Each structure stands twice: as C-alpha cells, then as structure tokens.
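Residue numbers (the numbering used here): 25 to 436. Shown next, in structure tokens, is the structure this report addresses.
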RNA sequence: CGGAGUGUAGUUCAGAUGGCCAGAACGUACGCUUUGGGAGCGUAAGGUCGCCGGUUCAAGUCCGGCCACUCCGACCA
C-alpha cells in the first residue's frame with residue numbers, strides 16, 4: 025500500500041477527553057474515528073487489524089471443529105419474548121419495526137436465533153454435538169460507552185453456540201473452547217487469566233471470562249498466584265472460600281476480551297421444540313454452551329498492552345502491515361527507483377508493506393508516523409543506504425544494514 | 001439513571017465587565033526554501049459560536065428549555 029494513497033491520516037493531537045491509551049493511539053494513528061458515542065468507524069488500517077484478529081479466531085475455531093455461519097442481525101422480537109429476555113438483558117435491546125409493523129430486536133447476542141435455526145431441523149443424537157458460530161455486528165444500547173473501543177454500543181463479535189446431548193459431552197466442548205480461547209489470545213500477544221464469573225442475563229450455571237490484566241479494565245477478580253485459581257469479585261460470596269485461602273488471593277483489574285458460558289437447558293427448555301431424538305427414541309432438550317469474543321475490544325486491549333510513548337507496537341500476527349518501508353531523499357531519481365524496486369520485491373514475496381512514498385515530507389515526520397502506526401519492521405531507503413536497506417524492529421532501537429535478499433528473509 | 005463537567009475552524013484552544021468585519025496554533029491548499037527524528041518564510045481557503053426560545057438598541061458572552069459528548073458511580077462483554 026502506498027502511504028500517499030492510504031485513507032486515514034495520522035494526527036499529532038488526540039481528542040482532549042480521550043483517556044485510554046488505546047483510544048488515543050488508535051485515533052492518532054488513523055485506525056478509527058468516532059461516529060456517535062460508542063459507535064466507531066474502522067478506517068482501512070483499523071479494519072486490516074480487525075480482519076487479522078477474525079482470521080486467527082476463525083482458524084482456531086475451525087481447528088476445534090466449529091463451523092462458521094451467519095444469522096440475520098434483526099431478530100424477531102417474538103423469539104426474545106419466548107425466553108423472556110426482552111426484560112432481563114442488562115443492556116437495552118434496540119428495537120425496530122418493518123413496514124408491516126412487525127417488531128425486531130437488533131441482535132446484542134444470538135442464543136435465541138441459533139436455537140431457532142437448529143430447531144428447524146429434525147436432529148438426532150447422531151447429529152450431536154456441534155458448535156456453530158458467526159462474526160456479526162452486535163448492538164447493545166449501553167447506559168454508558170467508555171474508553172474508546174473498550175466499551176461500545178455497536179461492535180463486531182464472534183459468538184458461538186454448542187449443542188450437545190448431555191452435560192458430560194458438553195464438558196468436552198467447554199474444555200476445548202477454553203483451550204482454544206487461550207491459544208487465540210496467545211497468538212495475538214495477549215496473556216489471559218481465566219476467571220470464574222457470574223452468568224448474568226445469559227443464564228446457565230457457570231462461566232469463565234478471559235481477562236487481560238490492565239488498569240483500564242472493568243473486570244475485578246481475585247487470583248491465587250500459587251494455584252492460578254481466579255474468581256470474579258461478583259461471585260466471591262457464592263464461592264465459600266476459606267479465610268485462609270482468601271488471604272492468599274490478590275485483587276486485580278483487567279479487560280474481559282472473551283467468555284465461555286455453560287447454558288445447560290436454559291434456552292432449550294424455554295423455547296418450544298428445541299429437542300433432539302435420543303438413542304432411546306425420546307425427544308430431549310439440547311444441552312448448550314455459548315462462547316464470545318469482542319473483536320474491537322480485543323484490538324484495543326492489544327494496544328493497551330503493546331505500546332510505548334511513541335505509538336503502537338503491534339504483534340506480527342495482527343499488525344496491519346508487516347513492514348513500513350520509508351523512502352527518504354525521494355527527489356533523487358536513483359533513490360526513488362531503488363525504493364520502488366524494494367517495495368515491489370517485498371510485495372512479490374507476500375510481505376505486507378506500507379510504503380511511505382511521500383516526497384515532500386521530512387524524515388522526522390515519516391519516522392514519527394511509522395512509530396505511531398507500529399508495524400513490526402521499519403525499512404529505510406535513502407541516499408545513505410545505497411543498494412542496501414536499513415532495517416529496524418519497532419520494539420528495538422537497533423538498526424541493521426541489509427541487502428535486499430537479506431531483507432526478504434524477514435518472517436511474518 | 002444519579003453526580004460532575006464540556007460544547008467557538010478538521011484538531012487543541014483563546015475570546016473579562018454584553019459593543020464594529022470572531023482570533024491563534026497545528027492541520028489543509030499553493031509558491032519558494034529544506035530533507036536521517038514531526039523544519040522555515042509567504043499567501044489562501046476554512047466558522048449556522050451545539051439547537052430553540054427569551055432579555056436587550058446590541059448576545060459567542062446574560063436567562064430558560066432541549067440536545068450532544070466526556071469523566072465518576074450504578075450496570076454490563
């Protein structure tokens with residue numbers, strides 16, 4: 025990508041009321057812009073990151089045997105009434121009517137929809153278990169949005185729903201999802217704590233949050249550093265912890281980037297005909313679970329964890345580009361030609377490159393932008409570099425002069 | 001929804017006691033100069049002063065209502 029053609033520019037100042045570092049940097053770097061409170065545009069750079077996050081999630085979900093599909097965003101309100109969740113969700117449902125006055129809820133989570141599609145089929149125990157998921161925009165009319173992408177009213181979420189014959193079978197999927205989630209976040213450079221939590225309006229008996237420790241997070245939990253037992257402060261009272269154990273636990277704050285829920289029969293018993301035929305010929309309700317990851321929040325969390333005073337330091341796995349190629353002295357025809365040649369070589373080798381081809385911008389400004397945008401590598405071509413390229417990792421201050429062949433050996 | 005606060009150019013802000021054509025910096029466009037850590041000079045464009053109403057000879061400024069946004073809390077991913 026040519027920097028001169030990239031839609032979205034870096035700016036020196038962030039809005040004065042931006043408090044979260046992730047919001048400041050994503051704003052200044054030209055990744056996002058606010059529409060109205062809690063609703064954001066993802067600019068080209070931001071969307072590239074979001075897509076990479078989704079790609080990793082998809083790879084891991086598919087490897088775990090889950091199948092991607094897609095449900096409508098407008099949910100018939102009658103489905104939400106069937107489970108009485110029109111009244112019990114913590115967020116306000118947003119409602120719309122069509123031309124026939126039929127009422128819909130803008131989906132904030134999709135348990136009812138997925139049960140509804142499943143019950144359209146005549147399933148038997150032989151079809152179970154399965155785990156189906158989607159990426160889609162969720163709408164939650166929260167009382168208050170905060171912290172840029174950390175808490176919003178409209179966001180991309182991966183939500184999946186598992187259907188099982190019984191608890192024993194379900195627990196295998198639950199355990200698999202727990203491992204899958206840990207792997208997903210590790211691949212994005214996030215270290216997560218698995219925290220036992222309250223189910224809230226989702227229903228069911230137990231659930232676990234995947235929390236990244238951070239002072240800007242809203243999740244408070246207690247953790248025992250020796251046993252890695254972690255529980256949300258909300259459920260401490262329910263958990264009958266001995267005073268002795270309690271003393272060993274420390275309280276921490278973090279950002280909830282994902283969660284896994286046991287739903288059991290919560291939905292399949294409330295919704296008519298959410299049944300499968302078991303081996304004994306009897307119709308029985310599905311034993312369910314659901315699993316969510318907020319994409320935008322995950323992106324913001326990565327920035328919260330991986331940045332310095334100059335800007336973002338993206339992990340390779342989700343960086344918008346691997347290399348920021350900076351051409352200096354581009355008014356010199358020889359240098360310009362060399363820079364273009366290197367850009368071409370990088371592209372030919374599938375090394376995603378943002379080429380800063382601006383001829384009328386000072387070196388300092390280009391370096392500043394590169395640090396702000398935070399690609400893992402910065403490559404410089406100038407009068408000084410001759411037929412070589414200067415390479416620097418974003419996270420380090422060390423520079424190396426490499427031949428083009430050596431440059432092409434950098435890995436994704 | 002309770003508490004606090006903000007709303008003037010794309011952004012950050014200044015505009016005391018009401019008073020002529022509403023300002024600066026950054027950014028943007030053009031010209032010249034400059035080119036390894038956000039350079040310099042010049043010119044220009046860019047504003048229904050959040051909206052509605054009121055007071056007044058006169059309102060960005062005073063009064064009332066509304067709206068939007070931010071922060072804290074409550075609540076929740």
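Even for Gly, the Cβ is constructed at its ideal location relative to N, Cα and C. Since this is a predicted model, take the numbers as computed values, not measurements.
Nearest-angstrom Cα separation, counted from residue 395 out to residue 53:
Translated into positions along the first chain, residue 53 becomes position 29. Translated into positions along the first chain, residue 395 becomes position 371. Their backbone Cα atoms lie some 9 Å apart in a straight line.
Taking Cβ to Cβ, would you say residue 406 is nearer than 8 Å to residue 352?
Here the question's residue 406 lines up with position 382 in the first chain. Here the question's residue 352 lines up with position 328 in the first chain. Their beta carbons are under 8 Å apart, which means residue 406 touches residue 352 by this criterion.
Item checked: Through-space distance from residue 274 to residue 248, alpha-carbon basis -> Against the first chain, residue 248 aligns to sequence position 224. Against the first chain, residue 274 aligns to sequence position 250. The straight-line gap from Cα to Cα measures roughly 6 Å.
Practice item. Taking only the alpha-carbon atoms, compute the straight-line gap between residue 319 and residue 47 and give it to the nearest angstrom. Key: Position 295 of the first chain, counted from the start, is the residue given in the question as residue 319. Position 23 of the first chain, counted from the start, is the residue given in the question as residue 47. When rounded, the distance between both Cα atoms is 15 Å.
request  = Identify, in the order they occur along the chain, each residue of the same chain with its Cβ nearer than 6 Å to the Cβ of residue 286, setting aside the five sequence neighbours on each side.
outcome  = In the first chain, counting from the first residue as 1, residue 286 sits at position 262. 228, 229, 230 and 313.
Reducing DSSP to helix, strand and coil, say where residue 324 ends up.
Residue mapping note: residue 324 aligns to position 300 of the first chain, counting from 1. If DSSP states are grouped into helix, strand and coil, residue 324 belongs with the helices.
C-alpha distance - residue 152 paired with residue 244, whole-angstrom precision: To locate residue 152, count along the first chain from 1; it is residue 128. To locate residue 244, count along the first chain from 1; it is residue 220. Spanning the two alpha carbons is a distance of roughly 36 Å.
(Q) Need the endpoints of the alpha helix (DSSP H) that residue 76 sits in, please. (A) If you number the first chain from 1, residue 76 lands on position 52. Residue 76 -> alpha helix (DSSP H) spans 68-87.
Q: Flag this pair as touching only if the region 89-96 and the region 144-164 have three or more C-beta atom pairs under 8 Å; answer yes or no.
A: yes
Exercise for review: Kindly indicate which three-state DSSP category residue 357 falls into: helix, strand or coil?
Suggested key: On the first chain, residue 357 is found 333 positions in, with the first residue counted as 1. Correct three-state label for residue 357: helix.
**Study point:** Opening and closing residue of the beta strand (DSSP E) in which residue 123 lies
**Key:** Sequence index remark: in the first chain, residue 123 carries index 99 (1-based). No beta strand (DSSP E) contains residue 123, which DSSP labels as neither H nor E.
In angstroms with no decimal places, state the Cα-to-Cα distance between residue 209 and residue 125. Taking the first chain and counting its residues from 1, the one referred to as residue 209 is at position 185. Taking the first chain and counting its residues from 1, the one referred to as residue 125 is at position 101. Computed Cα separation, rounded: 43 Å.
### Query
Based on the DSSP secondary-structure assignment, which residues constitute the bridge partners of residue 163?
Your numbering for residue 163 matches position 139 in the first chain. DSSP, once it has assigned bridges, lists 178 as partnering residue 163.
>> Distance check for residue 35 and residue 233, CA to CA, integer angstroms please.
In response: Here residue 233 is taken as the residue at index 209 of the first chain, counted from 1. Here residue 35 is taken as the residue at index 11 of the first chain, counted from 1. About 35 Å.
- request: May I have the straight-line CA-CA distance separating residue 362 from residue 326, to the nearest angstrom?
  value: Within the first chain, numbered from 1, the residue matching residue 362 stands at position 338. Within the first chain, numbered from 1, the residue matching residue 326 stands at position 302. C-alpha separation (whole angstroms): 35 Å.
Just tell me which of 290, 186 and 104 has its CA closest to the CA of residue 154. Counting from one through the first chain, the residue named residue 154 turns up at place 130. Nearest option by C-alpha distance: 186.
Report task. Might you give, ordered along the chain, the residues of its own chain that have their beta carbon closer than 8 Å to the beta carbon of residue 202, omitting 5 neighbours on each side? Result -> The residue given as residue 202 occupies position 178 in the first chain. Counting only residues of its own chain and dropping the five nearest sequence neighbours on each side, residue 202 has a CB closer than 8 Å to the CB of 218, 232 and 284.
Inset, instruction - Determine the extent of the alpha helix (DSSP H) in which residue 202 is found, giving its start and end residues. - result: The sequence position of residue 202 within the first chain is 178, counting from 1. Run containing residue 202: 191-211, per the alpha helix (DSSP H) assignment.
Helix, strand or coil at residue 26 according to DSSP, with G and I counted as helix:
The residue you call residue 26 lines up with position 2 of the first chain. Of the three classes helix, strand and coil, the one that applies to residue 26 here is strand, per DSSP.
For residue 419, which residues in the same chain have their Cβ closer than 7 Å to its Cβ, ignoring the five residues on either side in sequence? As a working note, residue 419 is residue 395 in the first chain. Correct list, in chain order: 337.
Given a cut-off of 8 Å on the beta-carbon distance, is the pair residue 261 and residue 222 in contact? Along the first chain, read from residue 1 onward, the residue named residue 261 stands at position 237. Along the first chain, read from residue 1 onward, the residue named residue 222 stands at position 198. In this structure, residue 222 does not lie closer than 8 Å to residue 261 by Cβ.
query: Per the contact definition of three or more C-beta pairs closer than 8 Å, is the region 55-74 in contact with the region 168-177?
result: yes
Next on the checklist: Could you give the first and the last residue of the continuous alpha helix (DSSP H) run that contains residue 105?
Outcome noted: In the first chain, residue 105 corresponds to position 81, counting from 1. Run containing residue 105: 101-106, per the alpha helix (DSSP H) assignment.
Report the rounded CA-to-CA distance for residue 30 versus residue 68, giving the unit in angstroms.
The residue you call residue 30 lines up with position 6 of the first chain. The residue you call residue 68 lines up with position 44 of the first chain. Taking the straight line joining both Cα atoms gives about 8 Å.
- Item | C-alpha distance - residue 90 paired with residue 98, whole-angstrom precision | One-based indexing of the first chain puts residue 90 at position 66. One-based indexing of the first chain puts residue 98 at position 74. Linking residue 90 to residue 98 through their CA atoms gives a straight-line distance of about 23 Å.
- Is residue 138 helix, strand or coil by DSSP? As a position in the first chain, residue 138 is number 114, starting the count at 1. If DSSP states are grouped into helix, strand and coil, residue 138 belongs with the helices.
May I have the straight-line CA-CA distance separating residue 410 from residue 339, to the nearest angstrom?
-> Within the first chain, numbered from 1, the residue matching residue 410 stands at position 386. Within the first chain, numbered from 1, the residue matching residue 339 stands at position 315. Looking at the two C-alpha atoms, the distance is approximately 30 Å.
| task | Go through its chain and collect everything with a Cβ distance to residue 331's Cβ below 8 Å, but skip five positions before and after it. | result | Working through the first chain from its first residue, we reach residue 331 at position 307. Around residue 331, the same chain offers 45, 46, 49, 337 and 398 as residues with beta carbons nearer than 8 Å, after the five sequence neighbours per side are excluded.
> Hey, how far is the Cα of residue 106 from the Cα of residue 149?
Replying inline: Position 82 of the first chain, counted from the first residue, corresponds to residue 106. Position 125 of the first chain, counted from the first residue, corresponds to residue 149. Cα to Cα, the separation comes out at about 25 Å.
query = Just curious, the alpha helix (DSSP H) that residue 95 is in, first and last residue?
reply = Taking the first chain and counting its residues from 1, one reaches residue 95 at position 71. Taken as a continuous stretch (DSSP letters only), residue 95 belongs to no alpha helix (DSSP H), as it is neither H nor E.
Please report the distance separating the alpha-carbon of residue 184 from that of residue 101. Start at 1 with the first residue of the first chain, and residue 184 comes out as number 160. Start at 1 with the first residue of the first chain, and residue 101 comes out as number 77. Going from the Cα of residue 184 to the Cα of residue 101 covers about 21 Å.
Would you grab the beta carbon distance between residue 400 and residue 343 for me? Rounded to a whole angstrom, and I think it's under 8 Å. Numbered from its first residue, the first chain carries residue 400 at position 376. Numbered from its first residue, the first chain carries residue 343 at position 319. That belief holds up - the Cβ atoms of residue 400 and residue 343 are roughly 5 Å apart, short of 8 Å.
Would you identify the three-state DSSP class for residue 286, choosing helix, strand or coil? Here residue 286 refers to the residue found at position 262 when the first chain is read from its first residue. Looking at residue 286 - three-state DSSP - the assignment turns out to be strand.
Item checked: Straight-line Cα distance separating residue 60 from residue 128 -> Locating residue 128 in the first chain gives position 104, where the first residue counts as 1. Locating residue 60 in the first chain gives position 36, where the first residue counts as 1. Looking at the two C-alpha atoms, the distance is approximately 23 Å.
*Three-state secondary structure assigned by DSSP to residue 332*: In the first chain, counting from the first residue as 1, residue 332 sits at position 308. DSSP places residue 332 in strand when its eight states are reduced to three.
(message) Could you tell me the alpha carbon to alpha carbon distance between residue 77 and residue 305, rounded to whole angstroms?
(response) Translated into the one-based positions of the first chain, residue 77 becomes position 53. Translated into the one-based positions of the first chain, residue 305 becomes position 281. When rounded, the distance between both Cα atoms is 43 Å.
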